[in-house]
Structures are given as structure tokens and as C-alpha cells.
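**Q** I am attaching a structure below and will ask some questions about it afterwards.
Numbering (mature numbering (1 follows the signal peptide of the UniProt record, and there is no 0)), first residue to last: -18 to -1, 1 to 386.
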């Protein structure tokens, strides 16, 4: 019995020492600032400052992004390591002059154009997965959209944090949108999120637990965590390596531009349905060039299957880095594609669902991954395939524990 009590005491002591309390005060130019949101980014851990501008948060040992946010002020993103942390912290918020001058004063017109932009925003931010069906933005009118028709660029600005209710995962999420851009078919967004559990019956909680596990399984967070734990292939991931090169069969952009100009000048006397086996005139050549312009700009060549984990990720000075050459294709074999993914493109034909396949395309190196499976700079890579289909509605807080 003494041994059991001693073991229990050691376990409780370790749990106590594994957590520390983060304290601090938030000010503005007038003094302490009450009601400031202070939280760890993308987690369920957070609080608000009291009447004296003070806050207190308990944290497990690790590395975090501590977010300090108040409407009308510039958000502070403070990198916090519990190993080097010293109490208390002090933050001074500055007024966001850009927001005051460009957003608050500017009037948003909630017309058909705004509604159309909102639909595009929801599709590219919330997503169109099965889990996205019951993920709703409660305050969409805080969004202001700017559309650059010439370059086909849609920008979204939020006057206030987005309030999101996710009935399928059982979360209320506050998302502080920093930037959102749709540049043709390329989408990027950044922001800070704080999660809270919704209240529900035991039946709802069981369903939320199932859906959260479904969202986690096969996700890029799951994949990166499996790399760190060296359980990648055991968890159902298969990784291939491929190289992307320009398509030699496709004309250059200069050739395409010249062909379009020539066709435009002679449009009235061109037979566009004409079959051209061998070009005999400059117009024939221009038509052939424009037909070949429909070919993909690049081709992918898979050159290595089942890449070893130690060739995908390395550890240097306690930090993890993606170290593979060129690009990787990640196949998750334990779940099949959703029907909406198969039919996501116009005129897509129904086909049999396949294992979920995604591509990781590095844009800038080095690519650092923290121990939670979070990319330190998420804009360092571009996702194609299934991970580009799964968007915010399939995201979980970083402190999510598998099966909870």
C-alpha cells in the first residue's frame, strides 16, 4: 500500500510541475485595459483581463503563441517558451490606425456583390466538406470585401473577430482574421483562433468526439505529428517523392500572348473549328499554339516510393524541419475521399472514391514544425489535393487530445 501511495504522490507531483501559471498586465496609453482577450493561439486556453488589466493562464510546459487582442488595437503575437518565461508579463497595445482610417470609416454595402463575395469566402475559408455543413459564421456582416477585377483578386477584411459556431465538432470559435486573399485559384489566410466547448447532451458529446477524431485522422497535423513520433506508416500514411517540371508540350507564355494578339487582329476571317495537322500559315500556327495553351503548365514525375521518415523530417538543436527534396505526395489509406471532393470541379464525373491523397509543395525553406505538429510559418508550403479541400471546418485546437 505504501508503494501505491508513493507512486500516486509522484504522479500528482509530476502533473503539478508540468503546469505553470502565466501572469501579466495589459495596458494602452491611458493605463490598464480591461476586457482584453489573452489566449494561446489555436487552443482552448484563454482568458480576459480584469478591471486592473491583469490576466492569469495555466499552461503545460512547451512553446506557444500568446495572443493579446482588443478591438481597434494591433494584435500582439508573443512567442512564449515556458522554459525561459519570467513573471509577470507586460503588454502595451497600440491603436490600429489602418483599421480606424480604412475599415471603420469605410461603409460596407451589403448588396449582391457582397453576398457573392461572402459565398466565395465561406467556400475557401470554412470549406465544403461534410463537417463544414454545420459550421456557421454568426457575424458575417463584420466582413468587408475588396475585389480587383483586373487581376481577379478578392481580399477580405474583418472589422471584428469572427464568431463561428461549429455544431458538428462542438466548438464555439473566435477567429481574429489578419489577412485573407484569393488570388485566382490560390488562397492564403492568416489569423488567430480561440476554441471553447459547446454545451450539449451526452449523445451530442459522443457525436462530437467521433467527428473530432474524423477531422484529426489523415489531417496534415496528424501527418506531421506522426513524423515526429516516427509512426507515419503505422498510422496509415504512405509518402512518395516527386519532381515538378515545366510541360515541354505547352507553349511559352510569350508564344501564347503573341498568338492571342494575332488571332484578335484576324478574328473575322478565322475558322476556329478548322482541323490543322500541319500549320501552313502564321494564323494556323497561332491556332495550334492556343489549343496547346490548354495543356497543364507542368508535369509531375514520381521518382521514389515509400520514402523513409528520416528523409522527410530531421531534428536539429531540438527543432524539427521538413528536409525532403522537391515535393512529396501523401496518401492516407485509412479514409476514402468524400463525394463532394470527387465532384468539386465543374463537369467532374462521378468515380469510385480513392484513398485521400495530398501534395506538399515547399515555397520557402527551411520549413520548421513545432512539437505539436504545427508549421511555424504556414505560408512556407502550398497544399494540393485533399488537404487543400479540407479547410477551417476540419481544423482542431492544438491541445486536442486524440479520442477526446
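Cβ coordinates follow ideal geometry from the N, Cα and C atoms, glycine included.
The structure presented is a predicted model; accordingly, all values stated were derived computationally and were not measured.
Run through the stretch 286 to 333 for me and flag every whole alpha helix (DSSP H) of 4 or more residues, listed as ranges in chain order.
**A** The qualifying runs are 321 to 324.
**Q** Let me confirm a value: residue 234 is counted as buried when at least 16 other C-beta atoms fall within 10 Å, else exposed. Which label applies?
**A** With fewer than 16 Cβ atoms within 10 Å of its Cβ, residue 234 is classed as exposed.
**Q** Go ahead and label residue 1 buried or exposed: buried means 16 or more other beta carbons lie within 10 angstroms of its beta carbon, across all protein chains shown.
**A** The residue in question, residue 1, is exposed, as its Cβ has fewer than 16 Cβ neighbours within 10 Å.
**Q** When the Cα atoms are used, what is the spatial distance from residue 218 to residue 352?
**A** Going by the C-alpha atoms only, they are around 22 Å apart.
**Q** At the level of alpha carbons, what is the spacing between residue 122 and residue 144?
**A** Approximately 7 Å, taken between the alpha carbons.
**Q** Using C-beta distances below 7 Å, list every residue in its chain close to residue 161, excluding the 5 sequence neighbours before and after it, in chain order.
**A** Once the five neighbours on either side are set aside, the close Cβ partners of residue 161 are 171 and 172.
**Q** Please state whether the Cβ-Cβ distance between residue 447 and residue 310 is less than 8 Å.
**A** The requested residue 447 does not occur in the structure, where the chain is confined to residues -18 to 386.
**Q** With a CB to CB cut of under 6 Å and the five nearest residues on each side skipped, what residues in its chain are close to residue 76?
**A** Within the same chain, residue 76 has close Cβ partners 56.
**Q** Would you call residue 319 buried or exposed, if buried means 16 or more other Cβ atoms sit within 10 Å of its Cβ?
**A** Result: buried.
**Q** Measure the C-alpha to C-alpha separation of residue 276 and residue 16 and round it to an integer number of angstroms.
**A** Taking the straight line joining both Cα atoms gives about 58 Å.
**Q** Could you tell me the distance, in whole angstroms, from the CA atom of residue 185 to the CA atom of residue 227?
**A** Each residue's alpha carbon lies about 51 Å from the other.
**Q** Could you spell out where the alpha helix (DSSP H) holding residue 101 opens and where it closes?
**A** Unbroken alpha helix (DSSP H) run through residue 101: 94 to 107.
**Q** With a floor of 3 residues, list each beta strand (DSSP E) that falls wholly inside the stretch 188 to 212, ordered by position along the chain.
**A** As far as the stretch 188 to 212 is concerned, it has no whole beta strand (DSSP E) run of at least 3 residues.
**Q** Which ranges would you report for the beta strand (DSSP E) in the stretch 112 to 161 if only whole runs of at least 3 residues count?
**A** Complete beta strand (DSSP E) runs here, min 3: 117 to 119, 125 to 130, 135 to 140 and 144 to 148.
**Q** Please say whether residue 194 and residue 60 have beta carbons closer to each other than 8 Å?
**A** No, they are not a contact pair.
**Q** Tell me, please, which residues DSSP counts as bridged to residue 338.
**A** In DSSP, residue 338 forms a bridge with 314.
**Q** Exposed or buried, residue 182, counting other C-beta atoms within 10 Å across all chains shown (16 or more means buried)?
**A** Classification of residue 182: exposed, given that the 10 Å Cβ count is below 16.
**Q** Among 3, 367 and 269, whose alpha-carbon lies nearest the alpha-carbon of residue 338?
**A** For residue 338, the nearest C-alpha among the options comes from 367.
**Q** Which residues mark the beginning and the end of the alpha helix (DSSP H) in which residue 72 is found?
**A** Counting along the chain, residue 72 falls outside any alpha helix (DSSP H), though it belongs to the beta strand (DSSP E) covering 71 to 74.
**Q** Would you tell me roughly how many angstroms separate the C-alpha atoms of residue 178 and residue 240, rounded to the nearest one?
**A** Distance between the alpha carbons of residue 178 and residue 240 is about 56 Å.
**Q** In angstroms, rounded to a whole number, what distance separates the CA positions of residue 73 and residue 7?
**A** Approximately 6 Å between the Cα atoms of the pair.
**Q** So what does residue 6 bridge to, in DSSP terms?
**A** Residue 6 pairs with 37 and 71.
**Q** When you compare only the Cα positions, how much space is there between residue 257 and residue 249?
**A** Approximately 17 Å, taken between the alpha carbons.
**Q** Taking DSSP's pairing of strands, which residues face residue 284 in a bridge?
**A** DSSP, once it has assigned bridges, lists 224 as partnering residue 284.
**Q** If you draw a straight line from the C-alpha of residue 40 to the C-alpha of residue 326, how long is it?
**A** So the two alpha carbons sit approximately 43 Å from each other.
**Q** Alpha carbons only, please: which of 104, 354, 3 and 348 is nearest the one belonging to residue 306?
**A** The shortest Cα separation from residue 306 among 104, 354, 3 and 348 belongs to 348.
**Q** Which residue comes first and which comes last in the alpha helix (DSSP H) that contains residue 274?
**A** That run of the alpha helix (DSSP H) goes 264 to 274.
**Q** Buried or exposed, going by whether 16 or more other CB atoms sit within 10 Å of the CB of residue 395?
**A** Any answer about residue 395 is impossible in this case: the structure gives the chain only from -18 up to 386.
**Q** Can you pull the DSSP bridge partners for residue 425?
**A** As displayed, the chain neither begins before -18 nor continues past 386, which places residue 425 out of reach and without an answer.
**Q** Could you say which of 334, 373 and 167 lies nearest to residue 110 if we only look at CA atoms?
**A** With distances taken between Cα atoms, residue 110 lies closest to 373.
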